[in-house]
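Input: a single structure, listed below in structure tokens.
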Amino acid sequence: MTADLPTLSFEWNSCPLDEWQRHLAQVPQSNLLQTWSYAQTMRSQQQMGTRFGLVKEGADIVALCQVQEISLLGMIHVVALDRGPLWLKDRGSDADWQAFIALFARTFPKRLGRMRRFMPERTLTSETEDW
1 MTADLPTLSF EWNSCPLDEW QRHLAQVPQS NLLQTWSYAQ TMRSQQQMGT RFGLVKEGAD
61 IVALCQVQEI SLLGMIHVVA LDRGPLWLKD RGSDADWQAF IALFARTFPK RLGRMRRFMP
121 ERTLTSETED W
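Here the sequence shown stands for residues 1 to 131, numbered as in our numbering.
So, in structure tokens, the structure goes:
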């Protein structure tokens, strides 16, 4: 089944605030946790850094996501993606989701000392209930 999945990649921290906001405006249903303001709040209140991710298929941007990170004593690495990714236009099929989850797992693989939290922005349907 992986042969049918899109080939996605991350492009990190490549756009300034105005460009991020333009991309976010193209998302049919965005949320507060993927905004620039939320990232600034997380930095000031919880000392978490943010990776602003453009999810790309080839040269095309297909989704946005913010990943919050913190390293504790150089031994613990916490990675959090809450209510993302946010898909642009008509993207967000099951194949897109599977490809994104595989990309996230490759980018932040399980390892001793790494804590990953992934809480997707996904609508519950009969197809996704057992997903």
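C-beta atoms are modelled at their ideal positions from N, C-alpha and C, and glycine is treated no differently.
Item, Value
"Looking only at its own chain, which residues have a Cβ that is under 6 Å from the Cβ of threonine 84, when we skip the five neighbours before and after it?", "Note on identity: in this sequence residue 84 is glycine, with threonine being the wrong assignment. Excluding residues within five positions, the ones whose Cβ falls inside 6 Å are Gln34, Cys65 and Glu121."
"With a threshold of 7 Å on Cβ separation, who are the neighbours of methionine 1 within its own chain once the five nearest residues in sequence on each side are excluded?", "Reliability of the predicted coordinates at methionine 1 is poor, the pLDDT of 48 falling under 50, and no value is obtained from them."
"Quick test of your reading: valine 62 and arginine 91, contact by CB under 8 Å. State the CB separation rounded to the nearest angstrom.", "5 Å"
"Can you tell me whether glutamine 68 is buried or exposed, with buried defined as 16 or more other CB within 10 angstroms of its CB?", "buried"
"What is the DSSP secondary structure of alanine 63, reduced to helix, strand or coil?", "strand"
"Tell me whether valine 18 is buried or exposed, calling it buried when 16 or more other Cβ atoms sit within 10 Å of its Cβ.", "Reading the sequence as shown, one finds aspartate at residue 18 and not valine. It counts as exposed."
"Quick check on threonine 107: does DSSP put it in helix, strand or coil?", "helix"
"Nearest to glutamine 47 by CA position, among Gln21, His77 and Lys89, is which residue?", "His77"
"Could you pull out every unbroken alpha helix (DSSP H) segment of at least 4 residues lying fully inside the stretch 24 to 83, listed in chain order?", "36 to 46"
"Measuring straight from C-alpha to C-alpha, what distance separates glutamine 45 and arginine 116?", "20 Å"
"Span of the beta strand (DSSP E) holding glutamate 121?", "Element bounds for glutamate 121: n/a, residue is neither H nor E."
"For a quick check, are the C-beta atoms of leucine 54 and phenylalanine 10 less than 9 Å apart?", "yes"
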